Amino acid sequence: GSVGNVHPYLEERLQRKERIMGCGHRVYKVKDPRATILQNLAEQLFKESGTDKYYDIALELEKAVEEKLGHKGIYPNVDFYSGLVYRKLGIPSDLFTPVFAIARVAGWLAHWKEQLAVNRIFRPTQVYTGTHDAPYIPMEAR
15 GSVGNVHPYL EERLQRKERI MGCGHRVYKV KDPRATILQN LAEQLFKESG
65 TDKYYDIALE LEKAVEEKLG HKGIYPNVDF YSGLVYRKLG IPSDLFTPVF
115 AIARVAGWLA HWKEQLAVNR IFRPTQVYTG THDAPYIPME AR
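Residues in the sequence shown are numbered from 15 upward in steps of one, following the numbering used here.
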């Protein structure tokens, strides 16, 4: 792939009514806030050690998706930048899925346990109301 192929690729997927991997979310109809965090991390990593074609393609694809699908509430999700970050950190591509899963296992198990009691799917629609910008307290001082 190349940056020049982004728009034809997107058009072809849209004509065939196929999903754009790394874009869209069942709950977030704006850019996934977790994607923004990973995007900032990717930007920092690529700024420090140089860009590559995959990062350039991702930036162009994000612009194209926002232009074509933003009005439908389809924006990058948490997966959009995760592969770029994993790759830049030197994680082999065959470990991307296990790393993705490891980061979510505790939450999946907690949801499963809660779901046993209520028997309904949980979606992240709550709004955090706790303390913001609290100072970090080392474990030994807690």
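Note that CB positions come from ideal geometry on N, CA and C, so glycine has one too. Since the structure is predicted, the reported quantities are computational estimates derived from the model, not experimental observations.
Going by beta carbons, Ala-78 and His-21 fall inside the 8 Å limit. Rounded to whole angstroms, the Cβ separation of Leu-98 and Tyr-69 is 6 Å, and the two are in contact under 8 Å. Between the C-alpha atoms of Gly-87 and Thr-50 there is a straight-line separation of about 16 Å. The segment 90-104 makes contact with the segment 52-71; the number of CB pairs closer than 8 Å reaches 3 or more. Out of Leu-28, Thr-145, Met-153, Tyr-142, the CA that lies nearest to the CA of Glu-81 is found in Leu-28. According to the DSSP secondary-structure assignment, Pro-90 is paired through a beta bridge with Cys-37. Apart from the 5 residues on each side of it in sequence, Cys-37 sits with its Cβ closer than 6 Å to the Cβ of Val-79, Ile-88, Pro-90 in its chain, given in chain order.
With a minimum length of 4 residues, the unbroken runs of alpha helix (DSSP H) contained wholly in the segment 56-132 fall at 67-83, 92-102, 110-116, 119-132. Here Leu-123 is exposed. Its C-beta has fewer than 16 other C-beta atoms within 10 Å. Within the same chain, and ignoring the five residues on either side of Pro-47 in sequence, no residue has its Cβ closer than 6 Å to its Cβ. In this structure Lys-31 is exposed. Its beta-carbon is surrounded by fewer than 16 other beta-carbon atoms within 10 angstroms.
The Cβ neighbour count for Glu-62, taken over all protein chains shown within 10 Å, is under 16; the residue is labelled exposed.
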